[in-house]
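Quick notes on the structure that follows.
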Amino acid sequence: MAKKAPRRTAERILETTLELFNRFGEPNVSTTAISAELRISPGNLYYHYPAKDELVTALYARYEAEMSELLDAAADVRDVDDARALLHSVLERIWHYRFLYRDLNDLLSRNRHVETHFGPLLARKSRAVRTMLCGMERSGALRIPAGDLPTVAEHCMMAVTYWLSFEYVRDPRHALEPDNAQAALLRGVQQVLGLLHPYLCGGQRAQLQALGESHAPADAA
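Numbering (this note's numbering) for the sequence shown: 17 to 237.
Quick look at the structure:
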């Protein structure tokens, strides 16, 4: 049986850097710590990524590509369950690259690539939210007055963008730990879908309530 080819060093560097950034926060992780974690020389690290900023840029580019692909699915959303699935996937990607949002303001001020690319990605997210809402409206799942739609979409985007910050201030020591991922994701989805509650039609409100109850902690009663 043929042995699997070892992962390329550049790929290993990115994976380890992402793990360390997520665990400790990007400002608290040095290139020396990354090379030590990988058990490679600093020179080997610098050969692939001459500066820490280039690691941030590479990880952001990967995040942006993955997120852009996910947003294409907004056109297929027809009801609360479809919206839940899409939002869960979007928040899951944010969680996977959570260091970006944990230190977002700082990164925007220091990394030119993040600064120039985050705004356009945010605009694509906003368009995806509007597409999602319009699809739900066409299918009869909700009714939003035309004048309210931009505001509702913007509020949804604010919830998605600052969901992790809210989680962090609730419990700074534990919120971003891997063991808390599922609970945080479910809370984030419910927070966004809750903004649609006044506009849901037919059985969609009951469906939203059922989703919340099905994911409630066992000791919540």
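Every residue gets a Cβ at the ideal spot worked out from N, C-alpha and C, and that includes glycine.
Distances from the CA of R28 to each of F134, N60, W179 were compared; the closest alpha carbon is that of N60. Approximately 5 angstroms separates the beta-carbon atoms of G204 and L107; this is inside 8 angstroms, confirming the contact. C-alpha of M148 to C-alpha of K141: approximately 10 angstroms in a straight line. Fewer than three beta-carbon pairs drawn from the stretch 204 to 215 and the stretch 123 to 139 are found closer than 8 angstroms, and the two stretches are therefore not classed as touching. In the displayed model, L61 falls within a helix according to three-state DSSP. Contact between R118 and L180 is confirmed by a C-beta separation of about 7 angstroms, below the 8 angstroms threshold. In the structure shown, L36 falls within a helical segment according to DSSP collapsed to helix, strand and coil. Minimum Cα-Cα distance from D92 among the listed residues E53, T32, V145 corresponds to V145. Distances from the alpha-carbon of H64 to those of R24, L165, D195 put R24 closest. Boundaries of the alpha helix (DSSP H) harbouring P166: 165 to 186, taken from the DSSP string.
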